[in-house]
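Counting in this note's numbering, the sequence shown runs from 2 upward without gaps. Here is the structure we will look at.
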Amino acid sequence: DGGDELFAGYPAFQAHRLMERLSTQYRVLGRTKDAVTLMTWMVHTLNPHDNQGMRFLLIHDLLRLNRPTDAITLGNQYPDDFSAMRYGHALAFYLNKDTGAALSALHNACNRYPEVRKMLIADNPRKPRLNEGYITVGGKDEAWVYRQEQWDLWQSSGGLAWLKAMRI
Numbered sequence: 002d003g004g005d006e007l008f009a010g011y012p013a014f015q016a017h018r019l020m021e022r023l024s025t026q027y028r029v030l031g032r033t034k035d036a037v038t039l040m041t042w043m044v045h046t047l048n049p050h051d052n053q054g055m056r057f058l059l060i061h062d063l064l065r066l067n068r069p070t071d072a073i074t075l076g077n078q079y080p081d082d083f084s085a086m087r088y089g090h091a092l093a094f095y096l097n098k099d100t101g102a103a104l105s106a107l108h109n110a111c112n113r114y115p116e117v118r119k120m121l122i123a124d125n126p127r128k129p130r131l132n133e134g135y136i137t138v139g140g141k142d143e144a145w146v147y148r149q150e151q152w153d154l155w156q157s158s159g160g161l162a163w164l165k166a167m168r169i
């Protein structure tokens, strides 16, 4: 009667969710290398369209492991992506000491998502109103979440000082 087709994707969905949770646990436990190995497999093999958004964490964790060329490659695969990828891509070029590409990527990120830059460089940013389960693309809430997740990397890498020095 066709009822089985309704659940045809269910096991795969559950597998994706379990793998995502495992990568999150690795990150919580400070096992960044294991998280990156798993997320890389997920993004490149298991789910190349990455509808779970693993690439947003992956690009930054690659940088935490001092792998800017891998982060650049990942960023190149998603050229018109959301703010996390655009800012991560710019930081990857900066850490790879590719000044021209870093400036171009940063200019692109700041023009498309200016709230992220403002939130990153603010001394004491004000937490915007957050709606559980929703993010406004280009909004202050998106910028807040990005800052919460990646500010430490921007600060420890020297990228924050570079971002502040840029008059974009």
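Ideal placement from N, C-alpha and C gives every residue a C-beta, glycine not left out.
Cβ neighbours of residue i in the same chain (closer than 6 Å, five flanking residues each side left out)
{"i": "Met43", "result": "Met20 and Met55"}
{"i": "Leu131", "result": "Asp142"}
{"i": "Pro126", "result": "Met120"}
Candidates the options: closest to residue i by CA position
{"i": "Gly134", "options": "Pro126, Asn112, Lys128 and Glu143", "result": "Glu143"}
{"i": "Glu116", "options": "Thr100, Val138, Leu96 and Asn125", "result": "Val138"}
{"i": "Gln1", "options": "Arg168, Asn48 and Ala72", "result": "An answer regarding residue 1 cannot be provided, because it is not within the stretch 2 to 169 covered by the chain."}
{"i": "Arg68", "options": "Asn109, Tyr88, Pro126 and Phe94", "result": "Phe94"}
{"i": "Leu66", "options": "Ala36, Thr25, Gly140 and Val29", "result": "Ala36"}
{"i": "Cys111", "options": "His90, Ala72 and Asp62", "result": "His90"}
{"i": "Ser158", "options": "Thr33, Met167, Ser24 and Leu92", "result": "Leu92"}
{"i": "His50", "options": "Asp82, Ala72 and Tyr27", "result": "Asp82"}
Assigned exposure category for residue i - 16 Cβ within 10 Å defines buried
{"i": "Ala162", "result": "exposed"}
{"i": "Ala123", "result": "exposed"}
{"i": "Leu64", "result": "buried"}
{"i": "Leu59", "result": "buried"}
{"i": "Leu39", "result": "buried"}
Beta-carbon contacts of residue i that lie in its chain and below 7 Å, excluding the five residues immediately before and after
{"i": "Leu121", "result": "Arg148, Trp152, Trp155, Leu161 and Leu164"}
{"i": "Ala166", "result": "none"}
{"i": "Tyr79", "result": "Arg56 and Met86"}
For residue i, the residue or residues it bridges with in DSSP
{"i": "Tyr135", "result": "Asn132"}
Proximity test, Cβ basis, 8 Å: residue i and chain B
{"i": "Leu161", "result": "Although the question refers to chain B, the structure presented lacks it and comprises just one protein chain."}
Cut-off 8 Å between Cβ atoms - residues of its own chain near residue i, not counting five sequence neighbours on either side
{"i": "Asn109", "result": "Arg87 and Ala91"}
{"i": "Asn52", "result": "none"}
Inter-residue CB distance, residue i and residue j (contact presumed, cutoff 8 Å)
{"i": "Ile73", "j": "Asn97", "result": "6 Å"}
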